[in-house]
Structure formats: structure tokens, C-alpha cells
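Okay, so here's the structure we're looking at.
Residue numbers (this note's numbering), protein chains in the order written: chain A, 318 to 438; chain B, 3 to 568.
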């Protein structure tokens, strides 16, 4: 089985560290990069073309939904997973429309990550 | 999830957000429609909420959540942010800082935030700006302590900014363990290190003495090399103890805001030169005096807005803190464009307080201004009508002197007041010369010495000290100390030195003076410690050091010697 490469985009270094540790513990996945805001996330996505991007919603410079739209526009076919505390319907609709295919609640819980990522294998 | 390994990251990130929240709130207060500030604040609260949820700190999570909600409302309404909102969020910030501090030291953070949470929720639910909203009495905490923000000194030999430099580059999967190259160390460790190197330097000088009588070149060489290493160690420790002045100034805008709000003044505040670095102990020692000076400037310097307009000044006053370096000293000025100090009134008070009236009348304005630092004079003159608790400038002055500094005051009535602190930049280990006067031993900094002369006692009596075709004023320390002469030497040892004969901070007029001592003993490196009560009032002493054999030796107050020689 080929290892899936993951990019983590979140403005909080703490959340990135926790996500990275959790993901690294799961067989078949490797974190290949991190970014601290939406704009940086977009740039790094273009460079690394990861299989999966786990992205935050509320970030400086460019939020998660804007970033997802830009990634789709750039023709990058990464799976986009939104990791956020916000769960109102309107936001979920916007997110789906922007190209996000899966959701993780925040704070991240290991079982959720395992099941969400496994569904992408 | 075991969160302990994430704790330091949590603290670092959260403290960063809290610092930004404070400055952003103050910026928003100045510009209540600034959308960028509102957006930034929203993200800060959102981040704190997310991180505390991840770490399992539910009360901090809930508390930041209500603040985030309030910001979310403000974002969507596009309204002007009211003063009530700013005040409530600043009070909440204080509590969050306290919670984070308690988390850091592993104490329970059981703080009741209910009332403030309700208040914030109310503000979020309130329709547009209520004019008559009950003013919250977040009465400025008049005793806000100002301590260097870092209780710990971050020692980072590689990256000066201490920034997480990995952040911008995608990291490869880590296949080896890596320790951070930034270490957090309790600040007292650095105090111990400094004390130990001080002792080391003293022991070294004792050994050097003993070694003068040896013929062993190897031993001499060994001691020489040891000496070089100890000095290098000392320099490294001194620089590791340095922190930027910014560590103190970061809390000042908030303090100025709170004090000026509480007594109806309008004050613009600015800091220049906050990048200069000083020893942590010096920063700690100057923090209270600095806050007192700024408080005095707001309380007694800056006039009420309408008074200012009447005398042709802008309604809003200005307080500027300016820091700069002058050789091995740091100068910190607190300037306000307020009403200045009434010298005439000050002189009258001094005379009423029992000072010699001729002496007081003969004083220049500049001299008379320093009277404000005399006990009993300052409080009466500077006591505020509003708070009724002016801070005695005598206490400010002695605090500054305790850390080896000097304080000077400049003022023009109706125009401005400038308080000037001159402070050492580093904790002081200096080269001193030990001097014997009868059985007493004192020391002086070698750097001050111009020349050492031997003068025949008869000549000294008849013509005094004559150097480079000039008469040099001199003081015989034996007489100044009130000691009986027991020596029958024909010659005296005379030390010529340059020093300002008076406590003027900025005048650079160091003049040549001389002092007569009995004998020169030795040259040593000494860790100079400040004098504490009851010795702080000792004449002719500004500090002390402990010799290798445990004897205390006082550091001569050359300013006083130079003054008394005249």
C-alpha cells in the first residue's frame, strides 16, 4: 500500500503539533508539511501536491474555505478535510461547495482521524 | 490524550495571543471602527478557545468562547466598538493571563469568571451602542505590578528572535529525535551563576597573589589561562542575563490607559528605543520606579483636557518613554508635556520643612528641582487631587540608586517634566583597586583612575595637589572618614580621578579630582552588590563587594568625594 502524504494547515502551532502526532501514529499516512495560514497553505499545496490536506477554517490571510476554493481552482486534486469547531449548517454547505469532502471536529480526537483517513484509503 | 508534552507550546502560543490581544484592544480603542483589529481579535480568541479545548482546560475554553462570540457579533454588525466592550475585554484579558500563569506553575486555576462572562454575553446581545449602558467600574488597578514579562530568561544561542523557524518550511518526516535549541531557565539560576562567577573572580585574585611568590612558570601560565576562561565565562553569563527593555514597556500602554481613564485625562503614549537590552535584575529594579514616574506624569503632569486647551495646548497630552545607550550605561527618560513643576513653591516647601533658607534660595532651578526627591517634600507637593496617593519621589530615587542608577529631573513650569534615569546596563562585575586608609579597606573602579602620585606630606600641606600645571581639588579620606592618623610616613599616596562632582546625569563634565589614601593594596575583579538598609545611607559608599577571604569592602562614592574635595 502506498503511503498517503498529508499537509496540515492551521494557524495554531499547538494544533498542528497535535494533529501531526496523531496522524504520524496511523499506518499508511505521513505528514509531509505544515503551513500556518491559508495563503501559505495554498502555496505549499502547489509545491508538494499532497494526497490529503487537513485544514483549519479560521486563519489569517485566507480562511479555510477560501483556501479550498483556490486549491480546486489551481487544479490540485488533494482530498480536503476541514478541522474546525464551527458546525453550523450554512458553513458546512459553503465548505462542501468549496471542494471540502470531509470534516473533523476540533479539538481533534484520534478515533475520528483514524476513521476519516481510513475512508480515504 | 496526554497533553503534558504540548504544554510549553500551549503556553508559548497562548501568551503570544494574549499579548497581541492587549495591543489590539488598545489600537481598537483608538480606532473603534477598525475592521482588521476586530478580525484579528476574533482569531486570537478563537485560537485560544481551540487550544484550551485541545489541552483540556474547559474553563479557559468557555471563557474565551464568550469573548469570541462577542467579537463575532461585532464583526457582523460593523458597529463602532464601545468603550464598555473594550473595558470588559481588558478585564477578561487580565483574568485569562492569570489563568495561563496558574496553568504554567501547575496551580489550580479555579477563578470565578461568571460575572464577567455574563457581562460579555450581555454586551454581545445588546443592540447597537447603548449610550446609557451602565459603566463598568473596571477601576484601573492602581497597583498593577510591572515585572519583566519573562519570569524566565530564554537563552537561545542561535536564533535571536526565538521564532519557530521551522514553521515556514515543510518538514520531512522526522527520523531522529531532536531537542529544541532554546532552553527556558528560571531566572534565579542566572543570579546564582553571576554570584558564583563573582566569587570565582575573587578567588582567582587571591591565587594570583599567592602565585607572585612562586618561581613556577607553569603555575603562572596556568593561572593566567584560568583567568582568561573565568573572564570569558563572566562575559557570557552577563550577556545571557540581558533582556530587551521591551519586556517592561509592553505593559505600559495599558497602565497609561487605565490611569488616564480613571482620572479623566487624555494621554497619548509612546515608547522609543525599546530594543536596548539590560540585565534582568536592572529591569526588575527599575520597573516600579518607571511605573511610579508614569503614574505621576498622568496624575500630576498632564492637565485635564479643558485646562490644556485654555493654555493653548492640544487637549490630549503626551507621555514619551525614551531609552538609549550612553557608553556602558542606559538612559531612560519619562517625558510629559504637562504643567511642569513649580520651583518657587518647591523652594518654599523646603524652607517650611526646615531646610536652610539661604541655601535653598541660592539654588539654581536645576538644583532646586532635585529637592522633589527629598523625603517629606515630594509627597506634599505631588499628592494628587484625584487619587490622593501621590508616590513619593524620594522612594523612586532610592529605588533607582539601589540598582546603581541615578535620577535627575528637568522641568519647565507650564511646559514639561522630564525624569531621567541613568542605569548600568549589566550587573556589575568591575575591576577595582583596593585602597587602605588606616585599618579600613575601600575600593574604587580602576577605569576612573587618571594617575597615582606619591607626594611628600609637607608639599601636600603647603601647595596641595598640582598636576599638569593645575591645582587639583583633593580630599584626604582619613579626615573625611573621621579617622585618627597613626602613620609616620613622609609621603602620601594621591589618586587622581575623573568624575562629575554632583549628581547630574546628563552633564558630561567629569572633572579631575584627587584623594589622599594611605596605601594601595591590590587590583581585583569584584561583583558589586547594591547597598541595602541600614547601609544605604552610608556616606561615601555606593555599593559593596565581598573579598576572597569573606571581608566586605565598600565601593567609594567618587561623586561625593569629588564634590567634597571642592
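Beta carbons: idealized from backbone N, C-alpha and C, even for Gly.
Could you work out which residues of chain B lie near residue i, taking near to mean beta carbons separated by less than 8 Å?
i	result
residue 332(A)	52, 53, 56
residue 405(A)	Per Cβ cutoff of 8 Å: no residues; residue 405(A) is ~11 Å from chain B at best.
residue 335(A)	3, 8, 56
Could you tell me which of the options sits nearest to residue i, measuring between CA atoms?
i	options	result
residue 518(B)	402(B), 493(B), 408(B)	493(B)
residue 406(A)	426(A), 341(A), 355(A), 420(A)	420(A)
residue 19(B)	480(B), 36(B), 53(B), 6(B)	53(B)
residue 17(B)	252(B), 58(B), 60(B)	252(B)
residue 288(B)	6(B), 350(B), 427(B)	427(B)
residue 567(B)	486(B), 280(B), 482(B)	482(B)
residue 13(B)	373(B), 256(B), 57(B), 42(B)	57(B)
residue 1(B)	294(B), 319(B), 298(B)	In the structure displayed, chain B extends from 3 to 568; residue 1(B) sits before or after that span and is not available.
residue 347(A)	354(A), 416(A), 338(A)	338(A)
residue 332(B)	304(B), 400(B), 275(B)	275(B)
residue 342(B)	25(B), 417(B), 84(B), 237(B)	417(B)
residue 350(B)	340(B), 337(B), 336(B), 365(B)	365(B)
residue 185(B)	205(B), 242(B), 228(B), 76(B)	242(B)
residue 63(B)	35(B), 199(B), 211(B), 101(B)	101(B)
residue 189(B)	239(B), 313(B), 256(B)	239(B)
residue 245(B)	372(B), 408(B), 264(B), 282(B)	282(B)
residue 431(A)	415(A), 345(A), 356(A)	345(A)
residue 338(B)	110(B), 296(B), 248(B)	296(B)
How about residue i: is its C-beta nearer than 8 Å to some C-beta of chain A?
i	result
residue 65(B)	no
residue 49(B)	yes
residue 59(B)	no
residue 256(B)	no
residue 45(B)	yes
residue 164(B)	Caution is warranted here: a pLDDT of 39 is assigned to residue 164(B), below 50, making its placement in the model unreliable, and the coordinate value is therefore given only provisionally. Cβ-Cβ to chain A under 8 Å: no for residue 164(B).
residue 529(B)	no
residue 12(B)	yes
residue 169(B)	Low local confidence applies: a pLDDT of 39 at residue 169(B) is under 50, so the model's placement there is unreliable, with the coordinate-based value given in what follows. Yes, its Cβ sits closer than 8 Å to a Cβ of chain A.
Does the beta carbon of residue i come closer than 8 Å to any beta carbon on chain B?
i	result
residue 411(A)	no
residue 368(A)	no
residue 423(A)	yes
residue 323(A)	no
residue 371(A)	no
residue 418(A)	no
Would residue i pass as a contact of residue j if the rule is Cβ separation under 8 Å?
i	j	result
residue 516(B)	residue 496(B)	yes
residue 397(A)	residue 409(A)	no
residue 22(B)	residue 29(B)	no
residue 547(B)	residue 499(B)	no
residue 359(A)	residue 384(A)	yes
residue 50(B)	residue 94(B)	no
residue 73(B)	residue 43(B)	yes
residue 65(B)	residue 7(B)	no
residue 367(A)	residue 395(A)	yes
residue 304(B)	residue 266(B)	no
residue 27(B)	residue 92(B)	yes
residue 206(B)	residue 187(B)	no
residue 564(B)	residue 513(B)	yes
residue 285(B)	residue 250(B)	yes
Could you tell me which chain B residues have their CB closer than 7 Å to the CB of residue i, listed as they occur along the chain?
i	result
residue 429(A)	In chain order: nothing, as chain B lies at least about 12 Å away.
residue 433(A)	Under the 7 Å cutoff, chain B gives no residues; its nearest Cβ is about 17 Å from residue 433(A).
residue 375(A)	45, 48
What does residue i touch in chain A if you count any residue whose Cβ is under 7 Å from its own?
i	result
residue 109(B)	Near residue 109(B) there are no residues of chain A at all, since even the closest Cβ is about 21 Å away, more than 7 Å.
Give me whichever residues DSSP pairs with residue i in a beta bridge.
i	result
residue 547(B)	555(B)
residue 414(B)	418(B)
residue 458(B)	493(B)
residue 375(B)	DSSP, once it has assigned bridges, lists no residue as partnering residue 375(B).
residue 323(A)	348(A), 369(A)
residue 422(A)	401(A)
residue 570(B)	An answer regarding residue 570(B) cannot be provided, because it is not within the stretch 3 to 568 covered by chain B.
By the criterion of Cβ-Cβ separation under 9 Å, what are the contact partners of residue i in chain B?
i	result
residue 398(A)	Correct list: empty, because the minimum Cβ distance to chain B is about 16 Å.
Interface residues of chain A around residue i at Cβ under 8 Å?
i	result
residue 418(B)	Within 8 Å Cβ-Cβ: nothing; residue 418(B) doesn't reach chain A, min ~41 Å.
residue 15(B)	329, 330, 331
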